[in-house]
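Down below is the structure, laid out as structure tokens.
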Ligand SMILES: NC(=O)c1ccc[n+]([C@@H]2O[C@H](COP(=O)([O-])OP(=O)(O)OC[C@H]3O[C@@H](n4cnc5c(N)ncnc54)[C@H](OP(=O)(O)O)[C@@H]3O)[C@@H](O)[C@H]2O)c1
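In the numbering used here, the protein residues as written are 65 to 290.
Following this line, the structure appears as structure tokens:
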């Protein structure tokens, strides 16, 4: 979800996505549908920390169709809910966050695993991946695939998206363009991708796979691989 002026994060303001979408119902439906189809949802710890109270399930964002989404998951042979996969280098995970309590796989460095030792609820597990300052997202995806997670949805945030794009790991992007203008002044307000510079030398040219409109919102789907 991004604003007309390309903002996806509102600095220290929590729950940026909801603010930028104005809790738009069509956007929440699409988000729920994507979650309903996914084996797992991959997010960075920054997104978890910035979204208190959120749970990455279809019914959380679109409760009216809870039973229909459950039926869809069953027909696709998915578990009841997608597994939340959380990436953190530091291990700075709010362990009382409801999404953590509901169960998550935390993928982290040796230092992150040490920081988390004994703190996570039993619903969680930890995968330690090599690397001191970050984890290799290629290894993360391989570990997820070994668990049978073929359809992996990422909901960011910008650092995770940047890392995935830099390594050529993102197949498609679903972007909702909100008609709101967010502005930028005192705090850094990130766009969809952060932590990697592509243009002018190696801009990633995508293909527009579909464009839909609901009222003043645009729902865009891009293919990122040839
Ligand atoms: N508008 C939208 O649709 C949308 C969607 C998602 C997020 N957001 C917003 O984006 C903002 C957060 O931005 P962000 O870029 O900080 O989010 P992020 O990418 O979710 O989080 C960054 C953090 O994730 C961990 N991380 C990311 N890549 C890693 C890697 N390769 N190895 C190890 N750890 C890794 C690190 O955690 P540690 O610091 O714990 O090491 C890093 O500091 C929030 O304001 C949120 O609301 C908006």
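The beta carbon of each residue, even a glycine, is placed where N, CA and C say it ideally should be. Keep in mind the model is a prediction, meaning the values are calculated, not measured.
{"Query": "Check whether the Cβ of residue 84 lies closer than 8 Å to any heavy atom of ligand 1, and answer yes or no.", "Result": "yes"}
{"Query": "By DSSP, does residue 111 sit in helix, in strand, or in coil?", "Result": "helix"}
{"Query": "Between the C-alpha atoms of residue 186 and residue 134, what's the straight-line distance to the nearest angstrom?", "Result": "24 Å"}
{"Query": "Under 9 Å, do residue 167 and residue 192 count as touching if we go by C-beta distance?", "Result": "no"}
{"Query": "Looking only at its chain, what residues have a beta carbon closer than 8 Å to the beta carbon of residue 84, apart from the 5 residues adjacent to it on each side?", "Result": "65, 66, 67, 71, 72, 74, 242, 244, 246"}
{"Query": "Express the C-alpha separation of residue 163 and residue 131 in angstroms, rounding to a whole number.", "Result": "20 Å"}
{"Query": "Tell me whether residue 278 sits in a helix, a strand or coil according to DSSP, three-state version.", "Result": "strand"}
{"Query": "Cα-Cα, which of 160, 236, 229, 150 is closest to residue 302?", "Result": "Since the first residue of the chain shown is 65 and the last is 290, residue 302 is not available in this structure."}
{"Query": "Rank 145, 150, 154 by C-alpha distance to the C-alpha of residue 121 and give the top, closest one.", "Result": "145"}
{"Query": "Between the Cα of residue 95 and the Cα atoms of 112, 239, 69, 151, which residue gives the shortest distance?", "Result": "239"}
{"Query": "So what does residue 238 bridge to, in DSSP terms?", "Result": "285"}
{"Query": "With a Cβ-Cβ cutoff of 9 Å, do residue 105 and residue 99 count as a contact?", "Result": "yes"}
{"Query": "Does any heavy atom of ligand 1 sit closer than 8 Å to the C-beta of residue 182?", "Result": "no"}
{"Query": "Relative to ligand 1, what is the chain-ordered list of residues with a Cβ closer than 5 Å to any of its non-hydrogen atoms?", "Result": "65, 72, 73, 80, 81, 108, 109, 110, 111, 114, 151, 152, 153, 154, 156, 198, 199, 220, 221, 222, 223, 224, 227"}
{"Query": "So for residue 168, helix, strand or coil by DSSP?", "Result": "strand"}
{"Query": "Alpha carbons only, please: which of 205, 139, 197, 196 is nearest the one belonging to residue 169?", "Result": "205"}
{"Query": "Using DSSP bridges, identify the partner residues of residue 192.", "Result": "172"}
{"Query": "Specify the secondary structure class of residue 261 as computed by DSSP and reduced to three states.", "Result": "coil"}
{"Query": "Check whether chain B comes within 9 Å of residue 171, counting only Cβ atoms and requiring the distance to be less than that.", "Result": "As a matter of chain content, chain B is missing from the structure shown, which is built from one protein chain."}
{"Query": "Spell out the partners DSSP gives residue 66 in its beta bridges.", "Result": "241"}
{"Query": "Hey, quick one: how far does the beta strand (DSSP E) through residue 151 stretch, first residue to last?", "Result": "147-152"}
{"Query": "Judging by CA-CA distance, which residue of 233, 93, 118 is the nearest neighbour of residue 80?", "Result": "118"}
{"Query": "For residue 230 versus residue 194, is the C-beta distance shorter than 9 Å?", "Result": "no"}
{"Query": "Could you check the C-alpha separation between residue 217 and residue 181 for me, to the nearest Å?", "Result": "27 Å"}
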